[in-house]
Structures are given as structure tokens and as C-alpha cells.
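Student: Got a structure for you, written out below as C-alpha cells; questions coming shortly.
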Amino acid sequence: MQKNSSKTYWNVKTLVFMALLVAMHLVLTRVFVVELGAYRISVGSVCTILAGVWLGPVAGGVCGLAADLIGCFMKGYAVNPFITIAAILWGVLPGLAKPIFAKCTKVGKTVGLVVSIIVTAVFSSLVFTTAGLVIFQGYNFYAILPGRLVQFAVLIPIYCVLTCLLYFSPLTSMVVGTVSPAVLKKKAV
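In this text, residue positions in the sequence shown follow our numbering: the first is 304, and each later residue adds one.
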């Protein structure tokens, strides 16, 4: 993001990366997904987490919002406000946590990422998404909670591993802007 006296705005590079992350999120959550009624097995939220960590909490929230709204229209679902809030939180909370662990060692950054993903998952998946399924779609809370806890226990380690692998890859330097793509290409050769 660029600062211009009192206004903050996104440059073209930031918007392009946001669009790419939203597109990847949509493919991973709407195409490569296992849907089991109240349960969905997908890794698309990793894209929103990375948007928040790489581009900031506002960009992460916008990516989560856009991915949820476009995904609802793609599948023909009505927009569920609780699930939309959950999608926004996947980008906002890790983005807000990044300044806390940004200056740490690699181990500290890994722990910070993992803790921020777990906290976000508790609020997003267990609280808001479950509330949305119960309030708007009529599921019985006590009937879906055990399955949602299993889903949580299975997906969160996968989210943590994928996020850490991508965050500590050269891709982070390119997205954040510390290394240009030409430098990465020279290193690869």
C-alpha cells in the first residue's frame, strides 16, 4: 500500500495480488472441495490468511469478503452474514497479528502464524460459521458440533503447514516487494 499524505490507497500490484488470491480461494473452496452438508473440507482459507499477512488486514478482509460473495453467487447460495463475517475474519485477524511476530526469528514467526490461525479458526469456524449454520440454515447445534470439532482438528494443522510453507517461501518477498521477480528468476537459473 502506498501512503499519500492523509490517504491510503492500493497500488496496481496490490490489487492484482488480491485478485489472484481471491481467484485461488474460489477455486480451492468451490471446485476442489468435499461438501458434506454442514461440513466443507477445503483449503481456500489459506489464500485469505496469506492476503491478510502479506497485504495487511484490510486487504485480507476485502479478499475474504469478495471470495465469499462471489462464491455464493457461483454456487447459487444465499449470502449468510455470519459465514461472510467468518470469511472476513480469516484475512483480518492474521493480518492484525503480523506486527506482533514480524520482528521475531523464524521460529517466533512460525509460532505467531500458528497461534493467529488457531485463534482465527476458533472465531471463524467454530463460532461464526457454526452460528450461521444453526441460525440461518436450521441445523441443530448439538448435532453438528461434534463434526465441526473434528473438521477443526483436521483442517487447522493443514492450514498451519500450508500457510507457513508459503509464507517462508520466496513468494513472500515478491508479494511484499522486497525482491523483484527478475531477481527470483536469476536465482532459479
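Backbone N, C-alpha and C fix where the C-beta goes; we use that ideal spot for every residue, glycine too.
Keep in mind that this is a model prediction, so the values were computed, not measured.
Using a Cβ-Cβ cutoff of less than 7 Å, which residues in the same chain neighbour Gly-364 once the five nearest sequence positions on both sides are dropped?
Tutor: Translated into positions along the sequence shown, residue 364 becomes position 61. These residues qualify, in order along the chain: Ile-391, Gly-394 and Val-395.
Student: Just the Cα atoms here: how many angstroms apart are Leu-399 and Gly-359?
Tutor: Taking the first residue of the sequence shown as 1, we reach residue 399 at position 96. Taking the first residue of the sequence shown as 1, we reach residue 359 at position 56. C-alpha separation (whole angstroms): 7 Å.
Student: Could you give the distance in angstroms between the alpha-carbon of Val-422 and the alpha-carbon of Leu-452?
Tutor: In the sequence shown, residue 422 corresponds to position 119, counting from 1. In the sequence shown, residue 452 corresponds to position 149, counting from 1. Rounded to whole angstroms, Val-422 to Leu-452 spans 14 Å at the Cα level.
Student: Compute the Euclidean distance between the alpha carbons of Val-410 and Thr-351, then round it to the nearest angstrom.
Tutor: Stepping through the sequence shown from its first residue, residue 410 is reached at position 107. Stepping through the sequence shown from its first residue, residue 351 is reached at position 48. Near 22 Å, if we compare the C-alpha coordinates of Thr-351 and Val-410.
Student: Quick one: what's Arg-343 bridged to in DSSP?
Tutor: Numbered from its first residue, the sequence shown carries residue 343 at position 40. Arg-343 pairs with Glu-338.
Student: Okay, do the region 464-473 and the region 340-356 touch, 3+ Cβ pairs below 8 Å being the bar?
Tutor: Cβ pair count under 8 Å is three or more, so yes.
Student: Below 8 Å on the Cβ atoms is my guess for Ile-420 versus Pro-397; work out the distance and round it to an integer in Å.
Tutor: What you label residue 420 is simply residue 117 of the sequence shown in a count that begins at 1. What you label residue 397 is simply residue 94 of the sequence shown in a count that begins at 1. Yes, they are in contact, since the Cβ atoms of Ile-420 and Pro-397 sit about 6 Å apart, within 8 Å.
Student: Could you tell me the distance, in whole angstroms, from the CA atom of Lys-316 to the CA atom of Met-327?
Tutor: Taking the sequence shown and counting its residues from 1, the one referred to as residue 316 is at position 13. Taking the sequence shown and counting its residues from 1, the one referred to as residue 327 is at position 24. Their backbone Cα atoms lie some 16 Å apart in a straight line.
Student: Applying the 10 Å Cβ sphere with the 16-neighbour rule, what's the burial state of Met-321?
Tutor: Your numbering for residue 321 matches position 18 in the sequence shown. Answer is buried; the Cβ neighbour count reaches 16.
Student: Quick one: what does DSSP say Ser-308 is sitting in, helix, strand or coil?
Tutor: In the sequence shown, residue 308 corresponds to position 5, counting from 1. Low confidence applies to Ser-308: its pLDDT is 46, below 50, so where it sits in the model is not reliable, and the reading given next is rough at best. It is coil, neither helix nor strand.
Student: Let me confirm a value: Val-479 is counted as buried when at least 16 other C-beta atoms fall within 10 Å, else exposed. Which label applies?
Tutor: For the purposes of this step, residue 479 is taken as residue 176 along the sequence shown, with counting starting at 1. Classification for Val-479: exposed.
Student: Please work out which residues of its chain come closer than 6 Å, Cβ to Cβ, to Ala-389, disregarding the five sequence neighbours upstream and downstream, and give them in chain order.
Tutor: As a working mapping, residue 389 is identified with position 86 in the sequence shown. Excluding residues within five positions, the ones whose Cβ falls inside 6 Å are Ser-427, Phe-431 and Thr-432.
Student: Determine the extent of the alpha helix (DSSP H) in which Phe-426 is found, giving its start and end residues.
Tutor: Working through the sequence shown from its first residue, we reach residue 426 at position 123. First-last for Phe-426: undefined, no H or E at that position.
Student: Short check: CB of Gly-347 to CB of Val-361, under 9 Å?
Tutor: Stepping through the sequence shown from its first residue, residue 347 is reached at position 44. Stepping through the sequence shown from its first residue, residue 361 is reached at position 58. Not closer than 9 Å, so no.
Student: What three-state label does DSSP hand Gly-364 in the structure shown?
Tutor: Numbered from 1 along the sequence shown, position 61 holds the residue referred to as residue 364. Gly-364: helix per DSSP, three-state reduction.
Student: Compute the beta-carbon to beta-carbon distance between Leu-465 and Val-349, rounded to the nearest angstrom, for a pair I have assumed lies under 8 Å.
Tutor: By 1-based counting over the sequence shown, the position of residue 465 is 162. By 1-based counting over the sequence shown, the position of residue 349 is 46. Going by Cβ atoms, the distance from Leu-465 to Val-349 rounds to 5 Å, so yes, they are a contact pair.
Student: Starting from Ala-390, trace the alpha helix (DSSP H) in both directions and tell me its first and last residue.
Tutor: Stepping through the sequence shown from its first residue, residue 390 is reached at position 87. Element bounds for Ala-390: 384-404.
Student: Run the CB neighbour count on Ala-381, radius 10 Å, all protein chains shown included, and call it buried at 16 or more, exposed below.
Tutor: Residue 381 sits at position 78 when you count from the first residue of the sequence shown. Counting Cβ neighbours within 10 Å, Ala-381 comes out exposed, since fewer than 16 surround it.
Student: For Ala-354, report the span of its alpha helix (DSSP H) as first-last.
Tutor: Counting from one through the sequence shown, the residue named residue 354 turns up at place 51. Unbroken alpha helix (DSSP H) run through Ala-354: 348-358.
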